[in-house]
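In our numbering, the protein residues as written are 317 to 589.
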């Protein structure tokens, strides 16, 4: 059975039992989709008093948190941009959510050093990534900083125009994030589904950065969940194993453990065929 939490986000399930709603909201929080789930439920709560009471209270609380976070994020990003600091906002999911921290990748250590006074004054938690000290990595997969910068684009976040990874790199970053934590949270999957990328550009990058196994697992998982996102698959020597494991995972609840082969092949850099 497909995870009911995912079905809510896909507008395919309406919970009615208050106990089930509470349980689903606890799981939504653990999967980084609490606000998105509440947004969906708020649209379904009309006429259901038991659901409406639970959802309205939580939704208002998170809404205030979201507004407060956006205000402080705007102040921080604005100050960094005004100082001409070269940075990139990474892992900023493109779906309704309340962030717990802001991931910033700095072009050089010097840029990070310049940003420290601003980071220390900020009222939100910042997770800094610095070349040579702590870059954005997932297991042994690594996208070089120069590569990210060469393909980067500018986008408005929290009312400020900032540098972000290109859509194809956004997909890769979410995949490496799954490898790093050895699991796929529902937030990871929803984030990938909300990225508009060019498949012709994405395909060679998956091989270049050692991610064919992780990509194939997500490809099969989405197919078994009845979701069409990727139109191409990579032929790999471990494809059948990934397909079987994805089929099993599709009937489980998120977060999903990723197959060990996704980590092992990334570390060993086994070639795709």
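Using N, Cα and C, we set each Cβ at its ideal position, and we do this for glycine too.
Under DSSP, the alpha helix (DSSP H) around residue 519 begins and ends at which residues? The residue labelled residue 519 in the question sits at position 203 within the chain shown. It spans 515–524 - the alpha helix (DSSP H) in which residue 519 sits, taken as one unbroken run.
Would you call the stretch 565–583 and the stretch 527–538 touching, i.e. three or more CB-CB distances under 8 Å? yes
Excluding five sequence neighbours on each side, which residues of the same chain lie with their C-beta closer than 6 Å to the C-beta of residue 423? In the chain shown, residue 423 corresponds to position 107, counting from 1. Taken in chain order, the residues that qualify are 402.
Any beta carbon from chain C within less than 8 Å of residue 522's own beta carbon? The structure shown contains no chain C, having only a single protein chain.
Mapping the DSSP letters down to three states, classify residue 382 as helix, strand or coil. As a first step, residue 382 must be located in the chain shown, where it is residue number 66. Helix, per DSSP.
Exposed or buried, what is residue 589 when buried is set at 16 or more other beta-carbons lying within 10 Å of its beta-carbon? Locating residue 589 in the chain shown gives position 273, where the first residue counts as 1. In this predicted model, residue 589 has a pLDDT of only 32, less than 50, meaning its place in the structure is not dependable; the value taken from the coordinates is given anyway. By the neighbour-count rule (16 or more Cβ atoms within 10 Å), residue 589 is not buried but exposed.
Looking at the structure shown, is residue 413 part of a helix, part of a strand, or coil, going by DSSP? Here residue 413 refers to the residue found at position 97 when the chain shown is read from its first residue. Three-state result, residue 413: coil.
At which residue ranges does the stretch 417–493 contain complete beta strand (DSSP E) runs of 3 or more residues, listed in the order of the chain? 418–422, 442–445, 469–473, 476–480
Report yes or no: do the stretch 503–512 and the stretch 472–487 share at least 3 C-beta pairs separated by less than 8 Å? yes
For the beta strand (DSSP E) holding residue 403, just list the boundary residues, first then last. To locate residue 403, count along the chain shown from 1; it is residue 87. Its beta strand (DSSP E) spans residues 403–406.
Grab me the residues of residue 556's own chain with a C-beta within less than 6 Å of its C-beta, minus the 5 sequence neighbours each way, in chain order. Taking the first residue of the chain shown as 1, we reach residue 556 at position 240. The answer is none, since no qualifying residue turns up.
So for residue 545, helix, strand or coil by DSSP? Along the chain shown, one-based indexing puts residue 545 at 229. Residue 545 falls in the coil class under three-state DSSP.
Buried or exposed for residue 399, going by 16 or more other Cβ atoms inside 10 Å? Indexing the chain shown from 1 puts residue 399 at position 83. Counting Cβ neighbours within 10 Å, residue 399 comes out exposed, since fewer than 16 surround it.
Let me know the secondary structure DSSP gives residue 573 once reduced to three states. For the purposes of this step, residue 573 is taken as the residue at position 257 of the chain shown. Strand at residue 573.
As a quick exercise: from 580, 333, 570, pick the residue whose alpha carbon is nearest that of residue 530. Locating residue 530 in the chain shown gives position 214, counting from the first residue. Nearest option by C-alpha distance: 580.
Comparing alpha-carbon positions, which option in 518, 519, 552, 534 lies nearest residue 500? In the chain shown, counting from the first residue as 1, residue 500 sits at position 184. If we check each option's Cα against that of residue 500, 534 comes out closest.
To the nearest angstrom, how far is the alpha carbon of residue 517 from that of residue 447? Taking the chain shown and counting its residues from 1, the one referred to as residue 517 is at position 201. Taking the chain shown and counting its residues from 1, the one referred to as residue 447 is at position 131. Rounded to the nearest angstrom, the two C-alpha atoms are 25 Å apart.
Span of the alpha helix (DSSP H) holding residue 257? With the chain running from 317 to 589 in the structure shown, residue 257 is simply not present.
Which residue wins for smallest C-alpha separation from residue 326, given the options 542, 493, 551? The residue labelled residue 326 in the question sits at position 10 within the chain shown. With distances taken between Cα atoms, residue 326 lies closest to 542.
Can you pull the DSSP bridge partners for residue 499? Within the chain shown, residue 499 is the residue found at index 183, counting from 1. The partner list for residue 499 (beta bridge, DSSP) reads 573.
Here's the rule I'm using: 16 or more other beta-carbon atoms within 10 Å means buried, otherwise exposed. How should residue 350 be labelled? Indexing the chain shown from 1 puts residue 350 at position 34. So residue 350 ends up on the buried side.
Inspect the beta-carbon positions of residue 582 and residue 495 and report whether they are closer than 8 Å. In the chain shown, counting from the first residue as 1, residue 582 sits at position 266. In the chain shown, counting from the first residue as 1, residue 495 sits at position 179. Yes, these two residues count as a Cβ contact at 8 Å.
Go to residue 335, then tell me how far its alpha helix (DSSP H) extends in each direction, as first and last residue. The residue labelled residue 335 in the question sits at position 19 within the chain shown. It spans 334–346 - the alpha helix (DSSP H) in which residue 335 sits, taken as one unbroken run.
What distance in whole Å lies between the Cβ atoms of residue 481 and residue 404, which are believed to be in contact at a cut-off of 8 Å? Numbered from 1 along the chain shown, position 88 holds the residue referred to as residue 404. Numbered from 1 along the chain shown, position 165 holds the residue referred to as residue 481. That pair is a contact at about 7 Å.
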